[in-house]
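Numbering (my numbering), first residue to last: 1 to 482.
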């Protein structure tokens with residue numbers, strides 16, 4: 001058994017890596033920008049001034065949005081590609097305003113990889129306008145990014161290096177001129193850029209080993225996995241708050257809701273399934289099946305709305321205003337005693353837990369019924385009856401354990417459901433849990449949050465499958481893992 005567990009844990013590593021790769025690629029290839037609303041507002045603000053434009057650039061840089069997704073091919077950038085982008089910035093060949101913004105963003109993304117080509121274009125331009133745009137592009141591409149800008153307690157060396165980079169970036173940002181400036185002024189700025197490049201030329205020379213490292217490791221995916229290796233889930237692209245801290249804060253809401261619903265579902269469904277299997281095709285079995293499947297067919301958003309309409313404080317029937325209209329606790333809950341606070345939270349959870357649980361009764365009870373029917377006529381059950389054991393002991397001691405196998409299989413899917421909770425239920429009843437947070441992050445393209453939740457869900461699925469396998473051996477003595 002021990003060797004089996006070790007093998008399964010080792011197999012989880014490549015499986016987890018492959019799933020995270022698929023999720024990451026799908027998210028980054030989907031239409032729109034990571035960061036959604038926040039990135040759009042920053043981009044809109046960038047046309048209003050240099051400060052907001054710099055803020056937009058720093059936003060992309062800090063979250064790795066200026067890097068390729070999987071492989072960095074910028075090391076093979078050619079001068080012709082840079083000239084084409086500069087022509088788009090100039091509005092040539094029918095380029096629209098959107099094309100010009102995209103071209104500017106492309107120069108920023110290329111960064112230091114475009115600097116040698118921009119200097120070459122600046123020194124021998126096809127026409128004066130392209131030279132002017134090359135100078136403008138150098139201001140975007142030549143600056144050095146800050147190291148670990150989110151460090152809460154930076155070392156003196158890191159602080160000194162970032163100060164040096166800020167000073168150089170400020171100096172380079174001043175090497176500019178308006179398009180209508182005199183030619184003599186333009187030559188002075190071009191000369192200053194040429195002198196800077198001669199001093200910093202070694203920064204842009206790379207060996208074959210460095211090129212290979214850039215190709216594989218200077219990407220969004222490599223950066224994300226480097227953060228995961230340090231158990232760093234990053235920062236939300238929207239709120240700029242640590243993802244892990246927010247996740248732990250919201251997890252308690254979803255755990256309280258989902259675990260209560262899960263336990264209630266099993267406590268009700270397993271006895272119903274046992275009763276239906278023992279009294280197969282009886283009136284009680286048929287009526288229970290019809291009732292449960294009628295409940296199963298009702299959508300949760302419909303039932304949740306009806307429960308709020310009839311039984312909440314907003315009900316139109318005064319004597320049926322039994323439960324709160326939503327939320328996690330009452331506004332004055334902080335002034336209550338500990339027991340009163342627990343009771344207040346429990347009172348708020350009655351309707352959402354009921355709404356989240358009723359649909360599972362049909363599925364879980366049917367799984368239990370089917371599993372028990374598969375073993376209730378087995379030889380060892382007939383042998384137990386032949387020994388004269390009471391029927392109750394035969395069912396609950398000899399049959400139920402093996403009948404639980406289909407229900408145990410569901411653990412692999414139920415564990416991530418506990419983490420995510422129910423998006424619909426949390427939205428209807430205004431519960432600030434994981435499910436609501438995830439759907440809001442999807443709308444805003446906050447991919448650090450989405451990736452973190454999906455990766456944790458993946459881990460829960462893998463561990464759920466392992467627990468299911470171990471549960472098989474626990475309830476069925478015929479199953480052994482060697």
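Glycine included, C-beta positions come from ideal geometry on N, C-alpha and C.
For clarity, every value in this text was computed on a predicted model and none was experimentally measured.
- Task: Closer than 6 Å by C-beta to residue 398: which residues in its own chain qualify, once you throw out the five before and the five after it? Chain order, please.
- Result: Taking the first residue of the chain shown as 1, we reach residue 398 at position 398. Here the set comprises 381, 384.
- Item | Uninterrupted alpha helix (DSSP H) stretches inside the region 147-218 (no shorter than 4 residues) | Those alpha helix (DSSP H) runs which fall completely within the region 147-218 and span 4+ residues are 156-173, 183-200, 208-217.
- Would you call the region 454-466 and the region 8-21 touching, i.e. three or more CB-CB distances under 8 Å? Yes, the region 454-466 touches the region 8-21.
- Message: Taking the alpha helix (DSSP H) that residue 407 belongs to, which residues open and close that run?
- Response: Locating residue 407 in the chain shown gives position 407, where the first residue counts as 1. Under the DSSP assignment, residue 407 falls in the alpha helix (DSSP H) whose first and last residues are 405-409.
- Can the beta-carbon of residue 353 be found closer than 8 Å to that of residue 410? Taking the first residue of the chain shown as 1, we reach residue 353 at position 353. Taking the first residue of the chain shown as 1, we reach residue 410 at position 410. For residue 353 and residue 410, no; Cβs fall outside 8 Å.
- residue 153 classed as buried or exposed, judged by whether at least 16 other C-beta atoms fall within 10 angstroms: For the purposes of this step, residue 153 is taken as residue 153 along the chain shown, with counting starting at 1. Residue 153 counts as exposed, since fewer than 16 other beta carbons sit within 10 angstroms of its beta carbon.
- DSSP state of residue 258, grouped into three classes? For the purposes of this step, residue 258 is taken as the residue at position 258 of the chain shown. DSSP places residue 258 within a helical segment (H, G or I) once states are collapsed to three.
- Between which two residues does the alpha helix (DSSP H) containing residue 224 stretch? Taking the chain shown and counting its residues from 1, one reaches residue 224 at position 224. Boundaries of the alpha helix (DSSP H) harbouring residue 224: 220-229, taken from the DSSP string.
- Who are the Cβ neighbours of residue 117 in its own chain at under 6 Å, not counting the five residues just before and after it? Here residue 117 refers to the residue found at position 117 of the chain shown. Excluding residues within five positions, the ones whose Cβ falls inside 6 Å are 79, 82.
- Message: Using the Cβ count rule (16 or more neighbours within 10 Å means buried), how would you classify residue 367?
- Response: On the chain shown, position 367 is the one that residue 367 refers to. Counting Cβ neighbours within 10 Å, residue 367 comes out buried, since at least 16 surround it.
- Item | Which listed residue (470, 256, 430) has its alpha carbon closest to that of residue 408 | Taking the first residue of the chain shown as position 1, residue 408 is located at position 408. Residue 470 is the option with its Cα nearest to residue 408.
- Query: Going by DSSP, which residues form a beta bridge with residue 514?
  - Reply: Not covered by the structure: residue 514. The range shown for the chain is 1 to 482.
- Might you give, ordered along the chain, the residues of its own chain that have their beta carbon closer than 6 Å to the beta carbon of residue 48, omitting 5 neighbours on each side? As a working note, residue 48 is residue 48 in the chain shown. Confidence is the limiting factor: at residue 48 the pLDDT is only 41, short of 50, which leaves the residue's position unreliable, though a coordinate-based value still follows. Closer than 6 Å at Cβ, skipping near neighbours: no residue.
- Touching or not, the region 206-219 and the region 158-165, by the rule of three or more beta carbon pairs under 8 Å? Taking 8 Å as the limit for Cβ pairs, the verdict is that the region 158-165 does not touch the region 206-219.
- Taking buried to mean at least 16 other C-beta atoms within 10 Å of its own C-beta, is residue 44 buried or exposed? Here residue 44 corresponds to residue number 44 of the chain shown, with the count starting at 1. Confidence is the limiting factor: at residue 44 the pLDDT is only 41, short of 50, which leaves the residue's position unreliable, though a coordinate-based value still follows. Classification for residue 44: exposed.
- Contact check, residue 141 vs residue 167, beta carbons under 8 Å: By one-based count along the chain shown, residue 141 stands at place 141. By one-based count along the chain shown, residue 167 stands at place 167. For residue 141 and residue 167, no; Cβs fall outside 8 Å.
- Task: Pull up the CB-CB distance for residue 291 and residue 276, whole angstroms please, since I reckon it's below 8 Å.
- Result: Counted from its first residue, the chain shown places residue 291 at position 291. Counted from its first residue, the chain shown places residue 276 at position 276. That belief does not hold up - the Cβ atoms of residue 291 and residue 276 are roughly 11 Å apart, past 8 Å.
- Task: In the DSSP assignment, find the alpha helix (DSSP H) that holds residue 140 and state where it starts and stops.
- Result: As a working mapping, residue 140 is identified with position 140 in the chain shown. It spans 128-141 - the alpha helix (DSSP H) in which residue 140 sits, taken as one unbroken run.
- Query: Apart from the five residues on each side of it in sequence, which residues of its chain come closer than 6 Å, Cβ to Cβ, to residue 466?
  - Reply: Counted from its first residue, the chain shown places residue 466 at position 466. So the list reads 8, once near-sequence residues are dropped.
- Query: Straight-line CA distance for residue 317 to residue 394?
  - Reply: As a working mapping, residue 317 is identified with position 317 in the chain shown. As a working mapping, residue 394 is identified with position 394 in the chain shown. Taking the straight line from one Cα to the other gives about 50 Å.
- Task: Answer yes if the region 320-329 comes into contact with the region 301-312, meaning at least three C-beta pairs across the two stretches below 8 Å, and no otherwise.
- Result: By the Cβ test, the region 301-312 is in contact with the region 320-329, since at least three Cβ pairs between them sit closer than 8 Å.
- List the residues that DSSP assigns as beta-bridge partners of residue 323. Indexing the chain shown from 1 puts residue 323 at position 323. Its beta-bridge partners are 312.
- Item | Nearest-angstrom beta carbon gap, residue 189 and residue 172 [assumed within contact, 8 Å] | The count along the chain shown starts at 1 and reaches residue 172 at position 172. The count along the chain shown starts at 1 and reaches residue 189 at position 189. The Cβ separation is near 11 Å, so there is no contact.
- Query: Of the choices 259, 374, 356, whose alpha-carbon is the least far from that of residue 280?
  - Reply: Taking the chain shown and counting its residues from 1, the one referred to as residue 280 is at position 280. That would be 374, whose Cα lies nearest to the Cα of residue 280.
- Item | Cutoff 7 Å; reference residue 348; Cβ partners in own chain excluding five residues on either side | Here residue 348 refers to the residue found at position 348 of the chain shown. Cβ within range, chain order: 324, 327, 328, 329.
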